[in-house]
Structure formats: structure tokens, C-alpha cells
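Reading through the C-alpha cells given below for one structure.
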Amino acid sequence: NAGVTQTPKFRILKIGQSMTLQCTQDMNHNYMYWYRQDPGMGLKLIYYSVGAGITDKGEVPNGYNVSRSTTEDFPLRLELAAPSQTSVYFCASSYSGELNYGYTFGSGTRLTVV
Amino acid sequence: QKEVEQNSGPLSVPEGAIASLNCTYSDRGSQSFFWYRQYSGKSPELIMFIYSNGDKEDGRFTAQLNKASQYVSLLIRDSQPSDSATYLCAVRGSSASKIIFGSGTRLSIRP
Numbered sequence: 057n058a059g060v061t062q063t064p065k066f067r068i069l070k071i072g073q074s075m076t077l078q079c080t081q082d083m084n085h086n087y088m089y090w091y092r093q094d095p096g097m098g099l100k101l102i103y104y105s106v107g108a109g110i111t112d113k114g115e116v117p118n119g120y121n122v123s124r125s126t127t128e129d130f131p132l133r134l135e136l137a138a139p140s141q142t143s144v145y146f147c148a149s150s151y152s153g154e155l156n157y158g159y160t161f162g163s164g165t166r167l168t169v170v
Numbered sequence: 012q013k014e015v016e017q018n019s020g021p022l023s024v025p026e027g028a029i030a031s032l033n034c035t036y037s038d039r040g041s042q043s044f045f046w047y048r049q050y051s052g053k054s055p056e057l058i059m060f061i062y063s064n065g066d067k068e069d070g071r072f073t074a075q076l077n078k079a080s081q082y083v084s085l086l087i088r089d090s091q092p093s094d095s096a097t098y099l100c101a102v103r104g105s106s107a108s109k110i111i112f113g114s115g116t117r118l119s120i121r122p
């Protein structure tokens, strides 16, 4: 089992460019999440999904979009990148129906917008 | 008021001592509680979860939950240099589909 796989690991974007951060999981988890973590800070929820075809906003959704066409994949789209989006992005997944399950995290994508 | 609050630290503890990390939460309907460890430059790693009042022990780690006081803590016994990391408290609230994270406490174990 690969768990949660994120690509790319690192990326430098210019202001105004767009990109998609990829996330895929092979654990058949229904719930998937995107968080960002700024230096020395906790995790802020961007978007989440409770199943294929269902997405919802988190605390900081502005400037991002998501889609969930399959159970396995949950890509995060950045449109018109801004320096404020410089951060580390983590994708996570969890099993639904069991409250004691925490998240399994991917290894993260370190994004710099210049 | 933040939904999940932690002291940011750094908390410095001598090797072999007990490290005590604390967390408070605002949602009285919260259902389960998690402690994650995050080494610098790495992703968070789940080390403990608890959902009933009282203590839960796993090796050198003990999680404590007091729902009446909306308080959860993590004790690390016989602290080792490898325990130096940021510890994130996380709470699955009444909206069970997502977990809210605190900003983390940085723990440093000094030899």
C-alpha cells in the first residue's frame, strides 16, 4: 500500500501562474482533505470531500478549487498564484464511519510563489 | 476564541523527565481527540487518539481527556531526544467529517 501520494514534492510558481497539486490514495478512504501549513503554524483546512462528487469549503478556500471524480483522487487547483499561497500543502484521507480514525497524511508539497 | 488552543512553546524538558502537553477546545459536541507528532519538514504522524474521559496509555505516551473541562493532554514519560518535535492537538467536532488542528506545541528534549 502506498497510502496517500502527493505530487509534486516541490514547485516554484510565478505570480499569476496556475497549477494542480495531485493527491491519490489507495486505502479506499471516503474522506479526503487539503490543508496548508505556513511556517511555524498549524494546519488550515482548504477543502474537503466526503465522497466522490461531493466537496465542501474549509477555513481558507479562496484562491483554490477542487474536484473529486473518483474515490482515489482529490486534486487541488491553484488559479492565479499569489505570494500569500506560498506554503506547504498536505493532502490527507480518513475512513468514514469510525470516529476514532485520524488522518493519514501525504508527504506534502512545498510551494513557493515568486 | 480559537477552536483548538495549544501553547506554542517551545517547551524544554530534560532527557528522562516527563513532558506534559496541553490542549483546550471550544466545541462541547466534540467526539474524538488526536495527538500528532510532526518533525521539522515532515508530515504529521498520528501517535494517540482518545474518545472517552480518563486516561489512555500506549507505551511511553498517555493521553488524558476531560470533556467537562474541554481539556485534553499528552504525557510523554522518559523523554528522549527523538521526542523533540512539534505536537499537534486535533479534535473531531460535532461536524464529524473533519478534524480541526491546534497550532502545535514545539517540544525540545535537552540531554
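Read top to bottom, the protein sequences are chains A and B.
Quick note on numbering: the first sequence equals residues 57 to 170 in my numbering.
Quick note on numbering: the second sequence equals residues 12 to 122 in my numbering.
The C-beta atom is built at its ideal place from N, Cα and C for all residues, glycine as well.
Does residue i get closer than 8 Å to chain A when you measure Cβ to Cβ?
{"i": "residue 55/B", "result": "yes"}
{"i": "residue 113/B", "result": "yes"}
{"i": "residue 109/B", "result": "yes"}
{"i": "residue 72/B", "result": "no"}
At which residues does the beta strand (DSSP E) containing residue i begin and terminate?
{"i": "residue 24/B", "result": "22 to 25"}
{"i": "residue 47/B", "result": "43 to 49"}
{"i": "residue 113/A", "result": "110 to 113"}
{"i": "residue 106/A", "result": "99 to 107"}
{"i": "residue 31/B", "result": "30 to 36"}
{"i": "residue 82/B", "result": "82 to 87"}
{"i": "residue 78/A", "result": "75 to 81"}
Using 8 Å as the limit for Cβ to Cβ distance, is residue i near chain B?
{"i": "residue 167/A", "result": "no"}
{"i": "residue 99/A", "result": "yes"}
{"i": "residue 59/A", "result": "no"}
{"i": "residue 106/A", "result": "yes"}
{"i": "residue 163/A", "result": "yes"}
{"i": "residue 66/A", "result": "no"}
Would you mind giving the Cβ-Cβ distance between residue i and residue j, rounded to the nearest angstrom? I have them listed as a contact below 8 Å.
{"i": "residue 167/A", "j": "residue 143/A", "result": "6 Å"}
Skipping 5 residues on each side, what residues in its chain have a beta carbon closer than 8 Å to that of residue i?
{"i": "residue 139/A", "result": "71, 169 and 170"}
{"i": "residue 109/A", "result": "124 and 125"}
Can you name, in chain order, every residue of its own chain whose Cβ lies under 7 Å from the Cβ of residue i, other than the five neighbours on each side?
{"i": "residue 28/B", "result": "90"}
{"i": "residue 100/A", "result": "91, 92, 115 and 116"}
{"i": "residue 114/B", "result": "17 and 19"}
Please work out which residues of its chain come closer than 6 Å, Cβ to Cβ, to residue i, disregarding the five sequence neighbours upstream and downstream, and give them in chain order.
{"i": "residue 33/B", "result": "84"}
{"i": "residue 63/A", "result": "78"}
{"i": "residue 75/B", "result": "66 and 84"}
Exercise. Mind listing which residues of the region 78 to 103 of chain B have their C-beta closer than 8 Å to chain A's C-betas, in chain order?
Worked result: Cβ contacts with chain A: 99, 101 and 103.
Problem set entry | chain B contacts made by the region 117 to 139 of chain A, where a contact means CB separation under 8 Å | Against chain B - using a Cβ distance shorter than 8 Å - the region 117 to 139 of chain A contributes no residues.
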